[in-house]
Amino acid sequence: MKESLIKVDVTTRHLPDHPANTDEKYAFAYQIVITNESDLPVQLISRYWLITDGSGKKSEVQGEGVIGKQPNIAPGGNFEYTSGAVIDTPVGTMEGYYQMQTEDGDMFKVPIDVFTLAVPNIIN
């Protein structure tokens with residue numbers, strides 16, 4: 001299975017009205033679309049995230065599935081979900097990977113490129 005046949009698209013937004021959003025915390029939502037461009041069905045088994053705030057503070061998040069699910073994604077299909085992160089600075093980044101599995105039990109990692117979490121108009 002080629003990891004490159006699983007595409008991950010990310011869209012982020014700041015959540016100024018979220019209860020966790022304060023003068024010292026910044027809440028963000030990220031929407032993920034995972035598209036299976038292979039000829040085989042795959043299942044998302046687990047996730048790993050490295051979250052880095054603007055001061056360099058790092059935190060790791062890992063666990064089974066995403067949003068409580070371990071979705072099966074058919075060939076040509078996709079799975080979409082929204083989740084969130086709270087960081088200590090108005091700008092930060094996230095990156096990581098999904099652990100996927102084929103019907104045959106072959107496990108492989110799908111890397112998720114670095115993406116930015118930023119309060120709008122904070123960066124000129």
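Residue numbers for the sequence shown follow UniProt numbering, so the first one is 1 and each next one is one higher. Where a beta carbon is used, it is the ideal one built from N, C-alpha and C, also for glycine. All values reported here derive from a predicted model rather than from experimental measurement.
Neighbourhood of residue i by C-beta distance below 7 angstroms, restricted to the same chain and skipping five residues each side
| i | result |
| --- | --- |
| G92 | I51, T52, D53, G54, L117 |
Paired residues, beta bridge with residue i - DSSP
| i | result |
| --- | --- |
| Q43 | N72, Q101 |
| residue 147 | Nothing in the structure corresponds to residue 147, since the chain is present only between 1 and 124. |
Cutoff 6 angstroms; reference residue i; Cβ partners in own chain excluding five residues on either side
| i | result |
| --- | --- |
| Y48 | Q62, G96, Y97 |
| E64 | S46 |
For residue j and residue i, believed in contact at Cβ under 8 angstroms, the rounded distance
| i | j | result |
| --- | --- | --- |
| I67 | N36 | Not really, about 18 angstroms apart at Cβ, beyond 8 angstroms. |
| E80 | I32 | 7 angstroms |
| A29 | L15 | 6 angstroms |
| K25 | V86 | 5 angstroms |
| V10 | F115 | 5 angstroms |
Residue from the options whose Cα sits closest to the Cα of residue i
| i | options | result |
| --- | --- | --- |
| M107 | I45, A27, E24, V10 | I45 |
| P111 | K58, T89, I34, I122 | I34 |
| G60 | M94, T82, G84 | What sits at residue 60 in the sequence shown is Glu, not Gly. Of M94, T82, G84, the residue nearest in Cα terms is M94. |
| T13 | P19, A27, A20 | The residue you asked about is not Thr; residue 13 is Arg in the sequence shown. Here the closest residue by C-alpha is A27. |
| I122 | P90, D23, G76 | P90 |
CB contact flag (residue i, residue j, <8 angstroms)
| i | j | result |
| --- | --- | --- |
| D88 | K69 | no |
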